[in-house]
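Whatever position you read off the sequence shown (first residue = 1), add 57 for the working numbering. Beta carbons: idealized from backbone N, C-alpha and C, even for Gly. If you're wondering where the values come from, they're calculated on a predicted model, not measured in any experiment.
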Amino acid sequence: MKLSKDEHLVLSLENEWKANNQNILLTNERILFIRDENITSEIRLNHIAEAYVAPSFLGAPSIKIRIFGGRIIKVTFQCVGPRAVFGTSYILPKQKAIAQRWVRAINRLLPG
């Protein structure tokens, strides 16, 4: 996977975490969803109106990305590593911290 000439990595997930069952990267230009080293989808930052943390199924925090025009994209973070056996006492606080970190980073990079 190649980034464009002026594009650089801003944020990624720890190895044992996935977003919507994929790897996710935030660059200074877009959010990339990656599976098997291939980009499966992307969201360009200049298409995003805002990102915010919202509770999802069973109270697990996720992020919602509102695209200009009103479309909402939901991103949920899952622990897929051995720490997943620690249960909600480990996973829920970690999910919340990850979601907040991603929302702050995305909103900081939005144009305007």
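Here's the rule I'm using: 16 or more other beta-carbon atoms within 10 Å means buried, otherwise exposed. How should residue i be labelled?
i      : result
Asn164 : exposed
Leu83  : buried
Val132 : buried
Ser119 : buried
Ala156 : buried
Val142 : exposed
To the nearest angstrom, how far is it from the Cα of residue i to the Cα of residue j?
i      : j      : result
Ile86  : Ser98  : The sequence as given places Glu at residue 86; Ile does not occur at that position. Approximately 14 Å, taken between the alpha carbons.
Ile100 : Gly144 : 31 Å
Leu66  : Asn95  : 16 Å
Ile129 : Arg140 : 30 Å
Lys121 : Asn77  : 12 Å
Lys75  : Ile124 : 22 Å
Met113 : Glu71  : Checking the sequence, you will find Ser at residue 113 rather than Met. Taking the straight line joining both Cα atoms gives about 21 Å.
Ile105 : Trp159 : 14 Å
Ile81  : Arg161 : 15 Å
Glu64  : Cys136 : 28 Å
Phe134 : Leu115 : 13 Å
Val110 : Ala154 : 10 Å
I think residue i touches residue j, with their Cβ atoms under 8 Å apart; what is that distance to the nearest whole Å?
i      : j      : result
Gly138 : Glu73  : 2 Å
Leu102 : Leu60  : Their Cβ separation, rounded to whole angstroms, is 13 Å, which puts Leu102 and Leu60 out of contact at 8 Å.
Met58  : Ile88  : So it is not a contact: roughly 13 Å between Cβ atoms.
Gln152 : Ala117 : 6 Å
In the DSSP output, what is residue i paired with across the bridge?
i      : result
Val110 : Ile120
Gln135 : Lys75
Ser61  : DSSP, once it has assigned bridges, lists no residue as partnering Ser61.
With a floor of 3 residues, list each beta strand (DSSP E) that falls wholly inside the region 80-107, ordered by position along the chain. 80-84, 87-92, 95-101
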